[in-house]
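So the sequence shown is numbered by my numbering: it starts at 251 and just counts up by one. Here a beta-carbon is modelled for each residue, glycine too, at the ideal position from N, C-alpha and C. Reviewing the structure listed below.
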Amino acid sequence: FPVFVALQALFTIGLALILATAAAFFRDVRHLVDVALAVLFWTTPILYELRQIPERLQLPILLSPLSPFVEAYHQMFYYRVWPGPLTWGLALGYTMAALAIGLLLIVRYEERLSERV
251 FPVFVALQAL FTIGLALILA TAAAFFRDVR HLVDVALAVL FWTTPILYEL
301 RQIPERLQLP ILLSPLSPFV EAYHQMFYYR VWPGPLTWGL ALGYTMAALA
351 IGLLLIVRYE ERLSERV
């Protein structure tokens, strides 16, 4: 459980870095975030379980960036089983990608960010 919380925290930090950089240059980022959060809410198995949808739709749903984290919590808390390798791999992949992109953007635009903020 603590490992997934740490992964989710790092994923969130990566997203925050990406969005903070984008918001410094584009005013409409907050409106896009509102729309993206609504889409993510319905494409992430929060109100439903992944097992309840047809198997052919499970992989596209699991590709939603928040799905591996929510699915891992479902597995750990409701079923008391350790998440499978696909869930681990997706969570780790999304976390690494978000952190890498976020840090790359911050480092690349560091000087311009200090002028804009």
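{"Query": "R362 versus A266, A272, L313 and T262, residue with shortest Cα-Cα distance", "Result": "A272"}
{"Query": "7 Å CB neighbourhood of L260 in its chain, flanking five on each side removed", "Result": "T345 and L349"}
{"Query": "Any 3 or more C-beta pairs closer than 8 Å across the stretch 308-315 and the stretch 283-293", "Result": "yes"}
{"Query": "Where I303 falls, given that 16 or more other Cβ within 10 Å makes a residue buried", "Result": "exposed"}
{"Query": "Contact belief for L267 with I356 at Cβ below 8 Å, rounded distance in angstroms", "Result": "5 Å"}
{"Query": "G339 versus P333: straight-line alpha-carbon distance, rounded", "Result": "10 Å"}
{"Query": "V255, enclosing alpha helix (DSSP H) - first and last residue", "Result": "P252 to F275"}
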